[in-house]
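Notes for the one structure printed next.
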Amino acid sequence: MSDKKANDAKIKTVSWNRRTFFEMLATVVTGAVAILTPLVAGVIAFLSPLFKKNSSPQVRVALLSQVPDDGMPRSFPVVTDHEDAWTKYPEQRIGSVYLVRQPGESEPMAFTAKCPHAGCFIGFKPGDDLFRCPCHTSAFKLDGSRARGDEEVSPRDMDRLPVQLRTVSAGDDTETTEVWVEFIDFQTGHKEAIPSV
Amino acid sequence: MNSALRSLVDWLDDRTGLRGLLHEALYERVPGGARWRYVWGSTLVVAFVTQMITGTFLWMAYSPSTQTAWESVFYIQYEMPGGWLLRGMHHYMAHAMVVLLAIHFAQVVWDGAYRAPRELNFVIGVVLMLVVFGLSLTGYLLPWDQKGYWATSVGTNLASQAPVVGPEIRKLAIGGTDYGHHTLTRFLALHAGVLPGLLIALLVPHIALFRRHGLHPREPLKGPDAMFWPDQLLKDSVAALGVVATVLVLALYGGGAELTAPADPANPYNAARPEWYFLFLFQFLKWFPGELEVWGAFVIPGLVVLLLFAMPWIGRSRQGHLFNVGMLVILLGGTALLTAQAIRDDYYAIWYERTEANADKFDASQAFLDAKQEAEREAERVIELARSPSRIPPTGALSMAAKDPYLQGPKLFTQHCAGCHSHEIADRIAYDSKVEPAEFRRTAHQIGLNLVEIQNSDPTAPNLWGVGEKLWMQSFLSPETIADANHFGYQGSPFAEGEMVSFIQEAHGEDLTEEDRKAVEAAFSQIAFALWLEAGTTKLVHPDGLKEVEELANHGRKLITGGLAEVLDSGMSCIDCHKFHDEGELGSAPDLTGYMSREWMIDFIRNPASERFYGEYNDRMPAFAAHDNPQLNQLDVETIGLIVDWLRGDWATPEAEDFSQTE
Numbered sequence: 000m001s002d003k004k005a006n007d008a009k010i011k012t013v014s015w016n017r018r019t020f021f022e023m024l025a026t027v028v029t030g031a032v033a034i035l036t037p038l039v040a041g042v043i044a045f046l047s048p049l050f051k052k053n054s055s056p057q058v059r060v061a062l063l064s065q066v067p068d069d070g071m072p073r074s075f076p077v078v079t080d081h082e083d084a085w086t087k088y089p090e091q092r093i094g095s096v097y098l099v100r101q102p103g104e105s106e107p108m109a110f111t112a113k114c115p116h117a118g119c120f121i122g123f124k125p126g127d128d129l130f131r132c133p134c135h136t137s138a139f140k141l142d143g144s145r146a147r148g149d150e151e152v153s154p155r156d157m158d159r160l161p162v163q164l165r166t167v168s169a170g171d172d173t174e175t176t177e178v179w180v181e182f183i184d185f186q187t188g189h190k191e192a193i194p195s196v
Numbered sequence: 000m001n002s003a004l005r006s007l008v009d010w011l012d013d014r015t016g017l018r019g020l021l022h023e024a025l026y027e028r029v030p031g032g033a034r035w036r037y038v039w040g041s042t043l044v045v046a047f048v049t050q051m052i053t054g055t056f057l058w059m060a061y062s063p064s065t066q067t068a069w070e071s072v073f074y075i076q077y078e079m080p081g082g083w084l085l086r087g088m089h090h091y092m093a094h095a096m097v098v099l100l101a102i103h104f105a106q107v108v109w110d111g112a113y114r115a116p117r118e119l120n121f122v123i124g125v126v127l128m129l130v131v132f133g134l135s136l137t138g139y140l141l142p143w144d145q146k147g148y149w150a151t152s153v154g155t156n157l158a159s160q161a162p163v164v165g166p167e168i169r170k171l172a173i174g175g176t177d178y179g180h181h182t183l184t185r186f187l188a189l190h191a192g193v194l195p196g197l198l199i200a201l202l203v204p205h206i207a208l209f210r211r212h213g214l215h216p217r218e219p220l221k222g223p224d225a226m227f228w229p230d231q232l233l234k235d236s237v238a239a240l241g242v243v244a245t246v247l248v249l250a251l252y253g254g255g256a257e258l259t260a261p262a263d264p265a266n267p268y269n270a271a272r273p274e275w276y277f278l279f280l281f282q283f284l285k286w287f288p289g290e291l292e293v294w295g296a297f298v299i300p301g302l303v304v305l306l307l308f309a310m311p312w313i314g315r316s317r318q319g320h321l322f323n324v325g326m327l328v329i330l331l332g333g334t335a336l337l338t339a340q341a342i343r344d345d346y347y348a349i350w351y352e353r354t355e356a357n358a359d360k361f362d363a364s365q366a367f368l369d370a371k372q373e374a375e376r377e378a379e380r381v382i383e384l385a386r387s388p389s390r391i392p393p394t395g396a397l398s399m400a401a402k403d404p405y406l407q408g409p410k411l412f413t414q415h416c417a418g419c420h421s422h423e424i425a426d427r428i429a430y431d432s433k434v435e436p437a438e439f440r441r442t443a444h445q446i447g448l449n450l451v452e453i454q455n456s457d458p459t460a461p462n463l464w465g466v467g468e469k470l471w472m473q474s475f476l477s478p479e480t481i482a483d484a485n486h487f488g489y490q491g492s493p494f495a496e497g498e499m500v501s502f503i504q505e506a507h508g509e510d511l512t513e514e515d516r517k518a519v520e521a522a523f524s525q526i527a528f529a530l531w532l533e534a535g536t537t538k539l540v541h542p543d544g545l546k547e548v549e550e551l552a553n554h555g556r557k558l559i560t561g562g563l564a565e566v567l568d569s570g571m572s573c574i575d576c577h578k579f580h581d582e583g584e585l586g587s588a589p590d591l592t593g594y595m596s597r598e599w600m601i602d603f604i605r606n607p608a609s610e611r612f613y614g615e616y617n618d619r620m621p622a623f624a625a626h627d628n629p630q631l632n633q634l635d636v637e638t639i640g641l642i643v644d645w646l647r648g649d650w651a652t653p654e655a656e657d658f659s660q661t662e
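Protein chains in written order, with numbering that gives the first Met the number 0: chain A, 0 to 196; chain B, 0 to 662.
Spelled out as structure tokens, the structure:
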């Protein structure tokens with residue numbers, strides 16, 4: 000049986016000329032196109048997340064009365080509508096912010112709880128004098144700066160979010176001041192705060 | 000051989016060359032005879048086959064989306080017959096594979112088995128090792144539990160720091176800007192399709208090349224050459240069985256693999272750690288502060304991998320080989336050291352005492368241990384709810400957990416109440432000293448008794464443990480306790496010397512005769528029973544006992560609405576200050592109608608300064624939802640309801656329900 004195979008191979012050996020060259024080229028090209036067409040279609044769909052843009056919603060996180068000017072951080076959830084592919088979650092917690100109002104200040108500072116190092120949730124226990132990240136033990140002072148400066152694992156201070164105070168009236172002559180923040184998601188691991196795109 | 004069978008084999012051989020193939024596969028020469036040291040490659044193949052088999056069956060029950068991933072794994076683990084064993088084997092075999100890889104790799108380097116002509120096969124082997132790591136990383140996320148979610152989240156965030164294309168890589172890996180459905184669909188496709196396919200595509204040439212070059216014998220040879228079949232294959236099979244048996248024991252011992260609470264993007268899991276075999280990388284990163292991170296996460300690991308690829312060429316000379324062996328020892332030793340250090344850092348608080356010098360280290364470790372314990376409590380509860388007759392709702396386990404007072408109460412209390420109030424058992428438990436404490440704690444959760452303590456070193460409001468319970472009523476009517484720090488005697492309290500405190504203390508005055516004292520005590524006891532029924536926290540009372548309570552409460556109600564005046568020298572009763580159903584007026588003290596009932600407490604928290612409660616006498620407590628327009632309120636009524644239900648111990652107790660059904 001193997002002798003017969005060898006004979007076949009001998010007979011089919013081609014001689015080089017222009018016609019066979021084009022034949023070979025055509026074979027390679029058509030074969031490659033046939034295989035690559037589905038692959039390209041798949042890769043385009045695969046790359047689609049690259050065209051998704053991150054949004055930075057304006058979110059009402061607290062009433063000003065919940066943030067006394069005692070310089071102590073308070074944690075508030077960031078609740079807004081959130082879409083994940085085919086599902087829309089109304090009023091979903093998408094993160095957390097710390098609001099700190101220094102004595103005498105009218106406007107609180109807002110820090111996102113996401114650690115600039117690797118994105119863990121920075122914790123704060125009432126009474127402590129530092130924010131502490133549970134993952135790689137970064138620590139931050141209550142003004143958001145790194146406790147040990149450049150020796151800290153985190154490459155930068157905690158990320159501040161833009162704050163806006165809005166006054167709403169309740170119809171019955173009472174007025175309330177709300178704290179709104181622009182909830183920006185920052186890239187982790189860089190010295191500068193770069194918003195995620 | 001039976002002639003029919005022989006002719007069938009002949010027929011097959013004629014058309015496929017089966018005999019030749021089998022001969023090729025089995026009759027490989029083993030120089031120096033079969034040895035145990037040659038089994039490691041085969042054990043890895045068997046480990047991979049185990050993963051393919053168990054993985055395929057797990058796949059048949061797995062559903063990748065954020066509302067179904069945890070849920071389907073929960074079902075595999077807790078409901079599907081044998082599912083826990085299947086999952087346990089897959090889990091522990093993944094661990095075993097890493098160990099076997101380390102052994103196989105170390106042996107090849109130690110023996111110099113990468114030398115010509117085996118360089119290319121060594122390179123393929125290193126790629127295979129990276130593929131196995133990829134399988135571990137992608138598999139860790141699939142259960143979509145807190146542990147996998149947060150560990151993988153840290154991992155992909157680190158990946159996004161890769162120079163230039165980092166953020167794009169992260170987006171492609173997680174299928175968008177945030178973790179979600181497409182993260183799971185992609186990770187599953189990688190874990191169950193792309194990576195195993197790649198592994199097979201590399202394993203075939205790896206084994207083919209191994210056969211082409213022959214086994215790399217370890218000198219000195221111990222005997223005459225032998226054949227792969229059956230000598231070496233027997234040893235290989237025994238070793239493979241040993242590996243599978245070890246994994247089986249681990250799976251049985253562990254009861255399958257751990258499943259923590261469902262992934263919650265808004266609820267950080269502070270004990271997130273990678274699997275133990277990646278702990279060394281996790282620890283390594285702590286050494287690189289700030290922007291040096293890129294060195295720890297990419298440059299150095301990248302260089303190490305490059306070095307691994309280059310080993311066959313470095314090892315061409317004797318010095319080069321020694322260098323490789325030295326590198327191997329340093330890498331394995333360093334990995335072991337870093338792993339030990341990571342474990343020591345995390346469990347520091349168990350093994351060492353806290354001192355001034357190690358305070359930071361100790362606290363970080365304590366925080367890790369607390370988070371771990373809290374996560375275990377959460378997981379236990381979610382699983383209990385999922386197994387209860389109400390099952391998991393279509394919106395998923397996370398939405399179920401979000402509506403559970405037992406899970407949400409402590410978080411909400413800490414966030415909104417613990418600034419002023421504490422929630423501590425300490426001074427209260429003394430009343431029920433008849434109960435054995437350990438037994439008490441064990442059954443407390445099942446019967447809906449709130450034993451979670453939230454401490455406040457400097458409370459400026461009453462201790463809220465056990466609000467609405469009989470104990471609460473009794474201690475607010477007792478002259479010994481009403482003015483202590485847990486009740487009206489908290490720091491800065493305007494009530495510490497208020498009318499209620501002096502009323503109670505004078506009612507129990509020292510100059511009472513023994514007989515009068517007993518009458519006073521009996522009266523207040525009956526009032527406590529009446530208020531207890533107003534609160535309606537009597538679900539733990541046996542139906543027979545409840546009749547007795549009702550009777551006492553009937554007396555109590557009469558005392559509240561005027562009867563007390565005849566017992567006390569002061570001639571006063573409750574309705575002289577409080578309103579109680581149709582008797583008494585609002586305005587000077589809180590309404591006792593439905594006192595500490597769910598509805599009463601929600602309204603109280605909404606606005607304690609309303610006329611129905613403390614009015615102008617309200618001490619600092621904010622109105623959390625005083626407005627009809629929810630936009631103006633600090634909290635929504637549903638959230639307040641969760642806090643109230645948690646304080647009152649009103650949460651679903653599936654096991655207790657089962658218990659009552661069997662009775």
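Cβ coordinates follow ideal geometry from the N, Cα and C atoms, glycine included.
Does any residue of chain A bring its CB to less than 8 Å from the CB of B:A429?
For B:A429, the predicted structure reports a pLDDT of 49, less than 50, and the residue's modelled location is therefore unreliable. The matter cannot be settled from this model.
Considering only their Cβ atoms, is the gap separating B:A265 from A:G94 smaller than 8 Å?
yes
Could you tell me which whole alpha helix (DSSP H) segments of length 4 or greater appear in the stretch 124-190 of chain B?
145-158, 165-173, 180-188
Check whether the stretch 256-276 of chain B and the stretch 367-383 of chain B are in contact - that is, three or more C-beta pairs closer than 8 Å.
yes
Quick one: any contact between the stretch 471-486 of chain B and the stretch 500-518 of chain B, if contact means 3 or more CB pairs under 8 Å?
yes
With three or more beta-carbon pairs closer than 8 Å as the criterion, would you say the stretch 299-317 of chain B touches the stretch 107-127 of chain B?
yes
Residues of chain A with CB closer than 7 Å to the CB of B:Q630, please, in chain order.
V167
Assign B:V29 to one of three DSSP states: helix, strand, or coil.
strand
When DSSP labels each residue in this structure, what does B:E514 get in the three-state scheme?
In the structure shown, B:E514 sits in a helix (DSSP, three-state: H, G or I).
Decide if A:K166 is buried, meaning its Cβ has at least 16 other Cβ atoms within 10 Å, or exposed.
The sequence as given places Thr at residue 166 of chain A; Lys does not occur at that position. Its Cβ having fewer than 16 others within 10 Å, A:T166 is exposed.
Just to confirm, is the Cβ distance from B:G179 to A:A112 under 8 Å?
No, the Cβ-Cβ distance between B:G179 and A:A112 is not below 8 Å.
8 Å Cβ cutoff met for B:W464 and B:H422:
yes
Taking only beta-carbon positions, decide if B:N617 is within less than 8 Å of chain A.
So no, B:N617 is outside the interface.
Where A:P89 sits in the DSSP three-state scheme:
strand
Within this structure, are the beta carbons of A:V66 and A:V180 separated by less than 8 Å?
no
The stretch 274-289 of chain B contacting the stretch 146-154 of chain A, beta-carbon criterion three pairs below 8 Å:
yes
Quick one: is A:V60 near chain B, going by C-beta distance under 8 Å?
no
Below 7 Å, is the gap between the Cβ of A:H116 and the nearest heavy atom of the ligand PLP?
With respect to the ligand PLP, the structure offers nothing, as it holds no ligand at all.
Nearest to B:A101 (by Cα), restricted to the options B:L129, B:M88, B:L84, B:P116
B:L129
Ordered list of alpha helix (DSSP H) runs contained in the stretch 607-652 of chain B, each at least 4 residues:
636-647
Applying the criterion that 16 or more other CB atoms from any shown protein chain within 10 Å of the CB defines a buried residue, is B:K578 buried or exposed?
buried
According to DSSP, simplified to helix, strand and coil, what is B:H22?
Reduced to three states, the DSSP call for B:H22 is helix.
In angstroms with no decimal places, state the Cα-to-Cα distance between B:G544 and B:L85.
If you take the alpha carbons of B:G544 and B:L85, they lie about 49 Å apart.
From the beta carbon of B:F412, is the nearest beta carbon of chain A less than 8 Å away?
Answer no: the Cβ-Cβ gap between B:F412 and chain A never drops below 8 Å.
Apart from the five residues just before and just after B:D457, which ones in its own chain have a Cβ nearer than 8 Å to its Cβ?
Answer for B:D457: Q490, listed in chain order.
Outcome for B:H103 when other beta-carbon atoms lying within 10 angstroms are tallied against a minimum of 16:
buried
If you measure from the beta carbon of A:I93 to each beta carbon in chain B, is any gap under 8 Å?
Yes - at least one Cβ of chain B is within 8 Å of the one on A:I93.
So, at 8 Å on beta carbons, what are the nonlocal neighbours of B:G165 in its own chain, with the 5 sequence-adjacent residues on each side left out?
A158, S159
Pick helix, strand or coil for B:H422, following the three-state DSSP scheme.
Strand, per DSSP.
What are the partner residues of A:L160, as DSSP defines its beta bridges?
A:A109
Reducing DSSP to helix, strand and coil, say where B:H212 ends up.
helix
Of all the residues that make up the stretch 149-167 of chain B, which are near chain A by a beta-carbon distance shorter than 9 Å?
Near chain A, meaning a CB-to-CB distance below 9 Å, the residues of the stretch 149-167 of chain B are W149, S152, V153, G154, T155, N156, L157, S159, Q160, G165, P166, E167.
Chain B residues whose Cβ lies nearer than 8 Å to that of A:V42
None at all; the shortest Cβ gap to chain B is about 11 Å.
Contacting residues, own chain, Cβ-Cβ under 7 Å from B:A296 (five flanking each side not counted)
Taking C-beta separations shorter than 7 Å and ignoring five residues to either side along the sequence, the partners of B:A296 in its chain run L157, Q160, L284, following chain order.
So is B:V203 buried or exposed if we call it buried at 16+ other beta carbons inside 10 Å?
B:V203 sits exposed, since fewer than 16 C-beta atoms from the chains shown fall within 10 Å of its C-beta.
Is the CB-CB distance between B:C573 and B:L585 below 8 Å?
No. Outside cutoff.
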